[in-house]
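Here the structure comes first, spelled out in structure tokens, and everything after it is commentary.
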Amino acid sequence: MIVDTHCHYNLEPLLSSWETHWENAKSAGVIASVVVGTNLDTSKKAIELAGKNPHFAATVGFHPNYFKLEEQLDEISQLEALASAEKVVAIGEIGLDYFRLSDSPADEVVKEVQKQALRAQLAIAAKYSLPTCIHVRDKGAVAYFELLEILSSVKQESAPCILHCVSGPSEYIQKAVQLGVYIGVAGNSTYPKSDTIRSAIALAPIDKILLETDAPYLPPQSHRGQTCEPWMMSETADSLYINRKITADQILSNTQAAFLDKIPV
Ligand SMILES: [Zn+2]
Numbered sequence: 003m004i005v006d007t008h009c010h011y012n013l014e015p016l017l018s019s020w021e022t023h024w025e026n027a028k029s030a031g032v033i034a035s036v037v038v039g040t041n042l043d044t045s046k047k048a049i050e051l052a053g054k055n056p057h058f059a060a061t062v063g064f065h066p067n068y069f070k071l072e073e074q075l076d077e078i079s080q081l082e083a084l085a086s087a088e089k090v091v092a093i094g095e096i097g098l099d100y101f102r103l104s105d106s107p108a109d110e111v112v113k114e115v116q117k118q119a120l121r122a123q124l125a126i127a128a129k130y131s132l133p134t135c136i137h138v139r140d141k142g143a144v145a146y147f148e149l150l151e152i153l154s155s156v157k158q159e160s161a162p163c164i165l166h167c168v169s170g171p172s173e174y175i176q177k178a179v180q181l182g183v184y185i186g187v188a189g190n191s192t193y194p195k196s197d198t199i200r201s202a203i204a205l206a207p208i209d210k211i212l213l214e215t216d217a218p219y220l221p222p223q224s225h226r227g228q229t230c231e232p233w234m235m236s237e238t239a240d241s242l243y244i245n246r247k248i249t250a251d252q253i254l255s256n257t258q259a260a261f262l263d264k265i266p267v
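Written out as structure tokens, the structure is:
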């Protein structure tokens, strides 16, 4: 009875055989999946797949790594047209990714563009009262705290915010939790060296924890080195049940709350 709150059936190598992957996931206890967009094209694909499978929902959004050039900001206006499409349950994945960026002037421009893209997409989410699915990654702490600043400055009272594949320093997690965010737990929480991620999960209130695969990325520990497939998430779920003493029922109720009761289970 698991909902995969973040899965890329809309990306290869999952897309061309998504039906098989879904059947395998069902056999592993998955009852619904949120198919997450990463740009205009994959957001449209997410909506298309959600139309084909009664247990799929879709999100639409531009992943921060798609914003290397300012001209791409124009495409965000096209995203708004998708926000009200049937089965769209959130705006995402959106956020900040400074992992491969330096402090060079050129990279500082890229960061600025990412922030503009994030603000513009948060505005769409607010306008349509949609939850947001946030991606944030950095070698240091800058992106995490800049995200907090942006989230705090945007009024999101009615729309939950999900930190997908949670990571980041404890101080950031504590502040994020105070903002009422949901915490997405992915396969990387099972890696022996992921103490920081497990500490982040330990800080999350029991009613704010969600499960996800992020397939085809981040397979859980026993499948590392392979493509992550949606059925593998039972390992992540089992590890979470044990470590946080949380039940599948509780996670399901958290999931419906995070997505405003729109998950088609
Ligand atoms: Zn993702």
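When we follow this note's numbering, the leftmost residue of the sequence shown carries the number 3, and every step to the right adds one. In this text, a Cβ means the ideal position worked out from N, Cα and C, and glycines have one as well. Since the structure is predicted, the reported quantities are computational estimates derived from the model, not experimental observations.
Item                                                                                                        : Value
Cβ-heavy atom distance, H23 to ligand 1, below 7 Å                                                          : no
Paired residues, beta bridge with F58 - DSSP                                                                : S35
Sequence-distant residues of its chain with Cβ nearer than 8 Å to S29 (five each side left out)             : W233
CA nearest to the CA of L212, picked from T44, E231, I265, I152                                             : I265
Closer than 7 Å: V156 CB and nearest ligand 1 heavy atom                                                    : no
Span of the beta strand (DSSP E) around D6                                                                  : 4-9
Reduced DSSP secondary structure (H/G/I, E/B, other) of T249                                                : coil
V168 beta carbon near ligand 1 (any heavy atom closer than 7 Å)                                             : no
Through-space distance from C135 to Q176, alpha-carbon basis                                                : 18 Å
Euclidean distance between Cα positions of G142 and V112                                                    : 17 Å
C-beta contact flag for A92 and P133 at 8 Å                                                                 : yes
Within 8 Å, strictly: CB atoms of L51 and N12                                                               : yes
Start-end ranges of the beta strand (DSSP E) lying completely within the region 169-203, minimum 3 residues : 184-187
Local conformation of L212 per DSSP, three classes                                                          : strand
DSSP state of V138 mapped onto helix, strand, coil                                                          : strand
Any non-hydrogen atom of ligand 1 closer than 7 Å to V187 Cβ                                                : no
Neighbourhood of T40 by C-beta, 6 Å cutoff - its chain only, sequence neighbours within 5 removed           : H65
Unbroken beta strand (DSSP E) run spanning G91, endpoints                                                   : One detail in the question is off: residue 91 reads as Val in this sequence, not Gly. Start and end: 90-99.
A178 versus M3 - alpha carbon distance                                                                      : 28 Å
Straight-line gap, V156 to P218 (C-alpha atoms, nearest Å)                                                  : 31 Å
Delimiting residues of the alpha helix (DSSP H) encompassing L120                                           : 107-129
Nearest residue (CA-CA) to W24, options D43, S45, K54                                                       : K54
Collapsed DSSP secondary structure at I164 in the structure displayed                                       : strand
Pairwise C-alpha distance: C163 and L220                                                                    : 21 Å
Given 8 Å, three or more beta-carbon pairs between the region 232-249 and the region 183-198                : yes
Endpoints, the alpha helix (DSSP H) within which A145 is located                                            : 144-155
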